[in-house]
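This report refers to the structure that appears directly beneath it.
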Amino acid sequence: MRRFVTTILISAALATIVGAQGSSKPSLAEQVKMIQRNRELYRIAVHNGLNQTEKVDPLDHARISAELAKDFGDEMRKAAASHDAARVVELGQHLNRVVDQGVAANLSQARKNIKAGSEFEKALFDRRDQAIEDLKSLEENIRQNLGPDSKEVETVLKGLRDGQKNIEKAAEAK
Amino acid sequence: MKCKHAQKTMLATSGRRKLSAEVQEHVAGCARCRQIKAKLTAIDRGVFLIPTPSATEAKDAFLAEFLHEPVIVPSSGWMLKLPGTRWQQALVGIAALVLVVLAFSGVLKREHNTPVASSSATDPLLAKVMDRNLALATADSPTKRVQTLSDLADDLDGQTRQLALVAQTDDLQTLAKLYDEVLKAGIVKQAGEVRLEDRQKVLKPIADRLFAASEQMRQTANDMPNKAEPLKQMALAADEASQKLNILIKKTEVAAQEANPSRPEAGG
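Quick note, the sequences are listed as chains A and B, same order.
The opening residue of the first sequence carries number 292 in my numbering; numbering runs sequentially from there.
The opening residue of the second sequence carries number 753 in my numbering; numbering runs sequentially from there.
Here it is as C-alpha cells:
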C-alpha cells in the first residue's frame, strides 16, 4: 500500500512538473489536424522562402519578409475574429520573429549602404512605413477582438509594438 | 494444511503454478481452493493481454480483492490502524489520483490568468518551416541557402513519413508538392550558384541524403499502398534531385580537371 501511494505521489509530482512546462509535443492526431489547418501557411512560407533565394539585396529581403508578415497578419485577423486566442498567439510569435529577424534585420542591413536623400532611401522609408502601418492595423484589430485578456495575447501585442519600434530604428541613418 | 496457507502459497507462485505435492493434495480435496486455483490460472493467462505492464502491488491488490481478503496488510506506521482500512486505502488512492489529474490538467500551475495555455499545442512543422524561412531571409551565400533548403526538405520529408499512416492523402499531396518545389526550384537551382571549389563538399552530402530519403520514401510507400502516390512522387523528386546534384558535381570535377590537367581526379 505504501509503495502504491508513493508511486502515485511521485507520479503526481512528475505530472505537476510536466504540466507546469506548458504545452507538450502534439500527438499524431493533433499534427494531422494542424496540417489540415496550416497547409496554406506552409505553402506561403515555403514559397516566400524560395522567393528569398532569388534575391540578394537586403531591401528585397525586407520586402519579401514584410509580405510574409502581412500574410500571417491576415491569418491572425481571421483567428481574432473567431476569438481563437491560442491561434493568434501561435501565429503572433511567428510574425514577431519575421518582423524582427526578416524585416527589421534586413532594413538595418540595407540602411548601411543607402545614402541619405537617395532614391534607395525613399524605397527604404516606403518599406518601413508600409510595414509599420500593417503592424499598427493588426495590433488594433487584435485589441478590438480579443483585448489583452491573457498574458500570452498581451505578449503578442507587445511584440507587435516592439516590432514597430525595431523597424523604425532599423531605417534610421547610421 | 489449511486453506489460508494453500491460497497464500498459490498467490506467492507466479507464472505456471508448480505447487508442492502437499498443496496440490489440499487443492484436490478442497472445492474452494480448486476454484481459486482455476481463477488464478485464468488471471495468469489473461495478464499477458493487459496492454500496460502491471505493477506487483497493483496485481497483489487486485488478487486480494479477488479473494475477498487482504493479502498484504499495510504495516506502515504513518497510517492509522483504524477499522475499515480498505475504504481508507481507497480514499488515499482517489486523493492521489485526483492530484495526478489536476497536475496533468494544469490546474496546479502557478499562473492562473492563462486561458490560452490550456489550448492546443503549437504546430511543429510550421515552426520548422518558419525557422528555415528566416534563415533564407538572412542567408548571404548560395552555400547557406542550399544547406537551409536541404534542411527544409528534410523537415518536409520527415513530417510526411511520420504522418503517412494517419494523414489524409490530400494533405500528404500538399507536403509532397512543397517537397518537390523545394528540391527543384530551390536546391537544384541554387546548387549551380555554389562556388566551384565548394560544390563537392557542400552538395555531395545533400545528394547522398536525398538518395537515402528516396529509398526510405519508397519503402514507406510499399508499406502503405493506399497512401503510396504522394510518397512515390516524393521519392522520385528526391531521386532526380540527387542525380542532378551528382551530375553537377561530376561536371565541376571534369571542368576543374580540364582547366588544370595536373590536378588529381577526385577519388583517384
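From the three backbone atoms N, C-alpha and C, an ideal C-beta is built for every residue, glycine too.
Please confirm if residue 421 of chain A has its CB atom under 8 Å from at least one CB of chain B.
-> With 8 Å as the cut-off, residue 421 of chain A does not count as an interface residue toward chain B.
Report the three-state DSSP secondary structure of residue 409 of chain A (helix, strand or coil).
-> The answer is coil: DSSP assigns residue 409 of chain A none of H, G, I, E or B.
If residue 959 of chain B and residue 997 of chain B are in contact, beta carbons under 8 Å, what's the gap, nearest whole angstrom?
-> The C-beta distance from residue 959 of chain B to residue 997 of chain B rounds to 4 Å, short enough to fall under 8 Å.
Step through the CB atoms of chain B and report whether any lies within less than 8 Å of the CB of residue 327 of chain A.
-> Yes, contact with chain B.
For residue 877 of chain B, return the contacting residues in chain A, with the cut-off set at a CB-CB distance below 8 Å.
-> Those within 8 Å of residue 877 of chain B in chain A are 322, 325, 326, 329 and 333.
Cα-Cα separation, residue 446 of chain A to residue 924 of chain B | Residue 446 of chain A and residue 924 of chain B: Cα-Cα distance of roughly 34 Å.
If you drop the 5 nearest sequence neighbours on each side, which residues of the same chain put their C-beta closer than 8 Å to that of residue 932 of chain B?
-> Answer for residue 932 of chain B: 985, 986 and 989, listed in chain order.
Can you find a CB in chain A that lies within less than 8 Å of the CB of residue 967 of chain B?
-> No, residue 967 of chain B does not count as interfacial toward chain A.
Between the CA atoms of residue 915 of chain B and residue 889 of chain B - distance to the nearest angstrom = Each residue's alpha carbon lies about 28 Å from the other.
Kindly list, in the order they appear in chain B, the residues whose Cβ is closer than 8 Å to that of residue 397 of chain A.
-> Ordered by position in chain B, the residues that pass the 8 Å Cβ test against residue 397 of chain A are 889 and 890.
Which bits of chain B does residue 450 of chain A rub up against, with CB to CB less than 9 Å?
-> Those within 9 Å of residue 450 of chain A in chain B number zero; the least Cβ separation is about 14 Å.
Applying the criterion that 16 or more other CB atoms from any shown protein chain within 10 Å of the CB defines a buried residue, is residue 416 of chain A buried or exposed?
-> Counting Cβ neighbours within 10 Å, residue 416 of chain A comes out exposed, since fewer than 16 surround it.
Counting only the same chain and skipping the five closest in sequence on each side, list residues whose C-beta sits under 6 Å from that of residue 963 of chain B.
-> Once the five neighbours on either side are set aside, the close Cβ partners of residue 963 of chain B are 994.
Starting from residue 971 of chain B and walking both ways along the alpha helix (DSSP H), at which residues does that stretch end?
-> Run containing residue 971 of chain B: 948 to 975, per the alpha helix (DSSP H) assignment.
Among B:934, B:901 and B:762, which residue has its Cα nearest to the Cα of residue 887 of chain B?
-> The shortest Cα separation from residue 887 of chain B among B:934, B:901 and B:762 belongs to B:901.
C-beta neighbour in chain A for residue 885 of chain B, strict 8 Å = So, interface residue.
From the DSSP output, in three-state form, read off residue 322 of chain A for me.
-> Annotated three-state conformation of residue 322 of chain A is helix, per DSSP.
Residue environment, residue 974 of chain B, which counts as buried when at least 16 other CB atoms sit within 10 Å | Label assigned to residue 974 of chain B: exposed.
What's the gap between the Cα of residue 947 of chain B and the Cα of residue 894 of chain B?
-> When rounded, the distance between both Cα atoms is 8 Å.
Please report the Cβ distance between residue 425 of chain A and residue 361 of chain A, rounded to the nearest whole angstrom; I am assuming they are in contact, meaning their Cβ atoms lie under 8 Å.
-> Contact holds; Cβ gap of about 5 Å.
Using a cut-off of 7 Å between C-beta atoms, extract the partners of residue 429 of chain A located in chain B.
-> Neighbours of residue 429 of chain A across chain B, judged by C-beta separation under 7 Å, do not exist; the nearest C-beta is about 17 Å away.
Quick check: the region 387 to 397 of chain A against the region 353 to 370 of chain A, are there 3 or more CB pairs under 8 Å?
-> Output reads yes: the region 353 to 370 of chain A touches the region 387 to 397 of chain A.
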